[in-house]
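Colleague:
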Amino acid sequence: MNLDILKNIPQYQKILIFALVLLIIIGGFFYFVYIPKNNRITALQNEIAKLNNEITANKTKLRRLDELKAENEILQRRLLELKEQLPSEADAVALLKQISELGVQTGLDFKSWKPGAMKQGPSGLYMELPVNVDVEGSYLNLAMFFYRIGKLERIVNLTGLKMESPKIVRNKIHIKADFTATAYSAVEGAAKKDEGKKDVRAKQPQPKKK
Numbered sequence: 022m023n024l025d026i027l028k029n030i031p032q033y034q035k036i037l038i039f040a041l042v043l044l045i046i047i048g049g050f051f052y053f054v055y056i057p058k059n060n061r062i063t064a065l066q067n068e069i070a071k072l073n074n075e076i077t078a079n080k081t082k083l084r085r086l087d088e089l090k091a092e093n094e095i096l097q098r099r100l101l102e103l104k105e106q107l108p109s110e111a112d113a114v115a116l117l118k119q120i121s122e123l124g125v126q127t128g129l130d131f132k133s134w135k136p137g138a139m140k141q142g143p144s145g146l147y148m149e150l151p152v153n154v155d156v157e158g159s160y161l162n163l164a165m166f167f168y169r170i171g172k173l174e175r176i177v178n179l180t181g182l183k184m185e186s187p188k189i190v191r192n193k194i195h196i197k198a199d200f201t202a203t204a205y206s207a208v209e210g211a212a213k214k215d216e217g218k219k220d221v222r223a224k225q226p227q228p229k230k231k
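Count along the sequence shown from 1, then add 21; that gives the number in the working numbering.
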């Protein structure tokens, strides 16, 4: 650059040239340095805010960790209790045998014991093992039989109870009663049966008549 030329330029033009150069420098700084850095800072601030939110959420979860562990232990114990009430198929059959023995112990006379078709429950989580039962005995014996069934740890459902033909036997009113006793088993045990397999409940020994 020939500096002698600048000497001949009027003062106001020198000021304009200086201002123009200054604007170019400032504009270049903003465009190439400030704006990119500012955008980067904004992005980092957003990322930091997101991380802070995640940290806060994780701290909240961490504070509830002990509570969640305790709830999980309660649920696990409850699950074990339910599994005990929902036995395998073999245990359910044994439960039905126990029911017939309770009937004999309470003085009932079993007229028939007919296993029904085993079927899956509506929820698909268990199998139903029904047995149609026909007994005869006194009101007291029948009531005691139902009471003792209600005290069993395993679930047994009695449905379709019908009582008829009352008569006097040794100064006591005897009646005939028929109902369906249904035990329940886990689906895993019921699903193992093979095609053509006989229902093991059919082998249930008939209680001896008194």
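Ideal Cβ positions, reconstructed from N, Cα and C, are used throughout, including at glycine.
Any idea which residues DSSP pairs A204 with across the strands?
Modeller: Residue numbering aside, residue 204 sits at position 183 when the sequence shown is read from its first letter. Its beta-bridge partners are L150, V177.
Colleague: Just verifying my parser: in three-state terms, what is the DSSP assignment at G210?
Modeller: Counting from 1 along the sequence shown, the entry for residue 210 is found at position 189. Here G210 scores only 41 on pLDDT, less than 50, and its place in the model should not be relied on; the value that follows carries that caveat. Here G210 sits in helix by DSSP.
Colleague: Counting only runs of 3+ residues fully inside the segment 56–142, write out the beta strand (DSSP E) ranges in chain order.
Modeller: Whole beta strand (DSSP E) segments, 3+ residues: 130–136.
Colleague: Within its chain, find whatever has a CB closer than 8 Å to the CB of I38; leave out the 5 residues flanking it on each side and keep chain order.
Modeller: By one-based count along the sequence shown, residue 38 stands at place 17. I30, listed in sequence order.
Colleague: Suppose the cutoff is 6 Å on Cβ atoms and the five residues either side in sequence are ignored; what does the same chain contact list for T201 look like?
Modeller: Within the sequence shown, the letter at position 180 stands for residue 201. Counting only Cβ-Cβ distances below 6 Å, and skipping sequence neighbours, we find P151, N153, T180, G181.
Colleague: Among the candidates N60, Q32, N178, Y55, whose CA atom is the shortest distance from the CA of L117?
Modeller: Mapped onto the sequence shown, residue 117 falls at position 96. The shortest Cα separation from L117 among N60, Q32, N178, Y55 belongs to N178.
Colleague: If you drop the 5 nearest sequence neighbours on each side, which residues of the same chain put their C-beta closer than 6 Å to that of L170?
Modeller: Taking the first residue of the sequence shown as position 1, residue 170 is located at position 149. Note on identity: in this sequence residue 170 is Ile, with Leu being the wrong assignment. Cβ neighbours of I170 beyond the five flanking positions: V177.
Colleague: Under 8 Å Cβ to Cβ from V208, same chain only, skipping five residues before and after it: list those, please.
Modeller: Taking the sequence shown and counting its residues from 1, the one referred to as residue 208 is at position 187. Q141, G145, L146, Y147, M148.
Colleague: In terms of residues, what are the limits of the alpha helix (DSSP H) holding V42?
Modeller: Reading the sequence shown from its first residue, position 21 is the one you call residue 42. First-last of the alpha helix (DSSP H) with V42: 32–50.
Colleague: Could you give the DSSP three-state label for G171: helix, strand or coil?
Modeller: Residue numbering aside, residue 171 sits at position 150 when the sequence shown is read from its first letter. The answer is helix: DSSP assigns G171 an H, G or I state.
Colleague: Assuming Y160 contacts I194 under a Cβ cut-off of 8 Å, what Cβ separation, rounded to an integer in Å, is found between them?
Modeller: Taking the first residue of the sequence shown as position 1, residue 160 is located at position 139. Taking the first residue of the sequence shown as position 1, residue 194 is located at position 173. 6 Å between Cβ atoms; contact.
Colleague: Go ahead and label G48 buried or exposed: buried means 16 or more other beta carbons lie within 10 angstroms of its beta carbon, across all protein chains shown.
Modeller: By one-based count along the sequence shown, residue 48 stands at place 27. That one is exposed.
Colleague: So, at 7 Å on beta carbons, what are the nonlocal neighbours of P143 in its own chain, with the 5 sequence-adjacent residues on each side left out?
Modeller: Working through the sequence shown from its first residue, we reach residue 143 at position 122. Closer than 7 Å at Cβ, skipping near neighbours: no residue.
Colleague: Using the Cα positions of K132 and E94, report the straight-line distance between them to the nearest angstrom.
Modeller: Here the question's residue 132 lines up with position 111 in the sequence shown. Here the question's residue 94 lines up with position 73 in the sequence shown. One C-alpha to the other measures close to 47 Å.
Colleague: Which value, in whole angstroms, describes the spacing of the CA atoms of F50 and I36?
Modeller: Taking the sequence shown and counting its residues from 1, one reaches residue 50 at position 29. Taking the sequence shown and counting its residues from 1, one reaches residue 36 at position 15. Looking at the two C-alpha atoms, the distance is approximately 21 Å.
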